[in-house]
Amino acid sequence: MKTKMPKIKMSKTKIVMSITIGIACFSLMLVMFMQFKVVKQTDITSIETMREEDLRTELADWKEKYTELTERYNDVMAKITEYQSEKESDEKTAELLQSELNQLNLALGTTDIQGEGITIILEDKKDTELSEGIIVSQITDYDLLIVVRELFAAGAEAISINDNRIVAMTDIFLRESNEISIMQIDSQRITSPYVIKAIGNRAYLESAANSKDGKLKQLQNAGHGLEVQTSSANKPIIINAYTGTIDSKYMQDKEN
Amino acid sequence: MIIIAIILGCVIGAIIGVNAPIIPYTYSTFLAIAVVAALDSVFGGITSVIKKNFDLTIFITGFFCNSILSIALTYLGQRLNIDIYLAALVVFVGRMFTNLTIIRRYYVDLWKSKITQKVKSGKKAEE
Chain A
71 MKTKMPKIKM SKTKIVMSIT IGIACFSLML VMFMQFKVVK QTDITSIETM
121 REEDLRTELA DWKEKYTELT ERYNDVMAKI TEYQSEKESD EKTAELLQSE
171 LNQLNLALGT TDIQGEGITI ILEDKKDTEL SEGIIVSQIT DYDLLIVVRE
221 LFAAGAEAIS INDNRIVAMT DIFLRESNEI SIMQIDSQRI TSPYVIKAIG
271 NRAYLESAAN SKDGKLKQLQ NAGHGLEVQT SSANKPIIIN AYTGTIDSKY
321 MQDKEN
Chain B
16 MIIIAIILGC VIGAIIGVNA PIIPYTYSTF LAIAVVAALD SVFGGITSVI
66 KKNFDLTIFI TGFFCNSILS IALTYLGQRL NIDIYLAALV VFVGRMFTNL
116 TIIRRYYVDL WKSKITQKVK SGKKAEE
């Protein structure tokens, strides 16, 4: 103790000096290590720690990019609207053409169709003896043509005989050679019974078929078999498409 | 005693500095310039010890005032849109190098004189 006391007394100024120097060292190291830490942990690319000037230049860059991209976006949008309108008009044209095509196909008879109408089954009873000396004569092509004409007159929109569609160029023809007669529609042989399908107003067609002056009744009276069926709502008449080819070799559009 | 104070101050300062919260990057320039100013003061102090005209008051006031002044100048520079801290940096670092040269010369001289003394004493022993 005795030896220590004077030492402390002697170094009174030294104590003040060491404390102040210690404080100085402390503050220096504190600031230095804080700075080390900041520099080490700072990500220069992240926005939170950027300096104001850097942020300003960055902002200017982004603004430039933004305006550029906005311009491009507007360009592209304009192009898109252009294409859209073009596409719409194209679609309209295509729709129009399609409906026209459908109409034409229906008129031409190149599609399968269905609808209300009647089915006539006409049985050729030739060579049967009706009564003494009266023999039933054969159904001719004229008879069939007249039946078809009467049905068309009654408003039929489509007719087929034994699933042969009657179109504008259809021929019905009875070929007679060597006492054998063959009924032909568009060069296709058909035989009795003739199943005639017609699509149109059911009532009109039925009344036409059952008309007393009509060809069908005359044929029935002449001894042939006749049956008329009308379509029902859940069982419409189905008529197949025309199976032949429609080509025009000679006719052309008229030159104006 | 002084050495213990220096080591203690350094260790405590380092520990607290490592655990201190991060200050924003914008203000780190001020800290950096303060560090450079303080280091300059330290080297100046060592030089004055060598020159034997060390004054504690001058050292401490220089230590803190230089740091605060450099921070103030940096702030003013930011306000004026001119990099004053660069000028402060040049002055401080230049002074640091001057002081380091003085310190180096002193110790080199000391070392040389010791060698010559050894040689002289060796010669005397031989004689």
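Protein sequence lines, in the order shown, are assigned to chains A and B. Mind the numbering: the first sequence is residues 71 to 326 in this note's numbering, read in order. Mind the numbering: the second sequence is residues 16 to 142 in this note's numbering, read in order. Idealized CB from N, CA, C, for every residue including glycine.
- With respect to chain B, the C-beta atom of Glu122(A) has a partner C-beta closer than 8 Å.
- Any Cβ of chain B closer than 8 Å to the Cβ of Ala130(A) would place that residue at the interface, and such an atom is absent.
- The beta carbons of Gly28(B) and Met99(A) sit closer together than 8 Å.
- Within the stretch 269-314 of chain A, the runs of beta strand (DSSP E) that reach at least 3 residues and sit entirely inside it are, in chain order, 295-300, 307-309.
- Within the same chain, and ignoring the five residues on either side of Asp256(A) in sequence, the residues whose Cβ sits closer than 7 Å to its Cβ are Asn234, Thr240, Asp241, Gly314.
- Taking CB atoms only, Ala53(B) has a neighbour in chain A less than 8 Å away.
- Nearest C-alpha to Gly293(A) among Thr198(A), Glu227(A), Pro306(A), Met104(A): Thr198(A).
- Burial state of Asp55(B) is buried, judged by a 10 Å Cβ sphere holding 16 or more other Cβ atoms.
- For Lys84(A), the C-beta contacts it makes with chain B under 9 Å involve Met16, Ile17, in order along the chain.
- The alpha carbon of Tyr122(B) has as its nearest neighbour, out of Val64(B), Thr72(B), Leu71(B), Thr44(B), the alpha carbon of Val64(B).
- For Leu139(A), no Cβ of chain B is located within less than 8 Å of the residue's own Cβ.
- Taken through DSSP and simplified to helix, strand or coil, Ala102(B) comes out as helix.
- With contacts defined as CB atoms closer than 8 Å, Met147(A) and Leu46(B) fail to qualify as a contacting pair.
- Classified as buried, Cys95(A) has 16 or more neighbouring CB atoms from the shown chains inside 10 Å of its CB.
- Per the Cβ contact rule, the stretch 284-301 of chain A is in contact with the stretch 189-205 of chain A (3 or more Cβ pairs under 8 Å).
- When the five nearest sequence neighbours on each side are left out, no beta carbon in the same chain lies closer than 6 Å to the beta carbon of Ala223(A).
- Close to chain A, meaning a Cβ-Cβ distance shorter than 7 Å, are the following residues of the stretch 71-86 of chain B: Leu71, Ile75, Phe78.
- Distance from the CA of Gly187(A) to the CA of Val206(A), rounded to the nearest whole angstrom, comes to 29 Å.
- Around the beta carbon of Ala164(A), fewer than 16 other beta carbons lie within 10 angstroms, which makes this residue exposed.
- Of all residues in the stretch 148-173 of chain A, none has a C-beta nearer than 8 Å to a C-beta of chain B.
- The stretch 267-276 of chain A makes contact with the stretch 224-232 of chain A; the number of CB pairs closer than 8 Å reaches 3 or more.
- Interface annotation, Lys107(A): in contact with chain B, CB-CB separation under 8 Å.
- Sequence-distant partners of Gly59(B) (beyond 5 residues in either direction) whose C-beta falls short of 8 Å from its own C-beta, in its chain, are Phe74, Gly77, Arg110, Asn114.
- With 16 or more other CB atoms across the displayed protein chains lying within 10 angstroms of its CB, Met102(A) is buried.
- DSSP places Val206(A) outside both helix and strand once states are collapsed to three, so it counts as coil.
- Non-local beta-carbon contacts of Glu249(A) in its own chain, meaning distances under 7 Å to residues more than five positions away in sequence, are absent.
- Assignment of Lys67(B) by DSSP, reduced to helix, strand and coil, places it in the coil class.
- Under the Cβ criterion of 8 Å, Thr127(A) is not counted among the residues facing chain B.
- Short of 8 Å from the beta carbon of Ala103(B), and not among the five residues preceding or following it, lie these beta carbons of its own chain, in chain order: Ile48, Val51, Ala52, Ser85, Leu88, Thr89.
- DSSP places Gln173(A) inside the alpha helix (DSSP H), whose first and last residues are 122-178.
- Using a CB distance below 8 Å, the part of the stretch 31-46 of chain B facing chain A consists of Ile31, Gly32, Val33, Ala35, Ile37, Ile38, Pro39, Tyr40, Thr41, Ser43, Leu46, ordered along the chain.
- For Val26(B), the secondary structure class from DSSP, reduced to helix, strand or coil, is helix.
- Annotation: Thr140(A) to Gln93(B) spans about 35 Å, alpha carbon to alpha carbon.
- According to DSSP, residue pairing for Leu244(A) in a beta bridge involves Met253(A).
- Here Ser88(A) carries a helix assignment [DSSP, helix/strand/coil].
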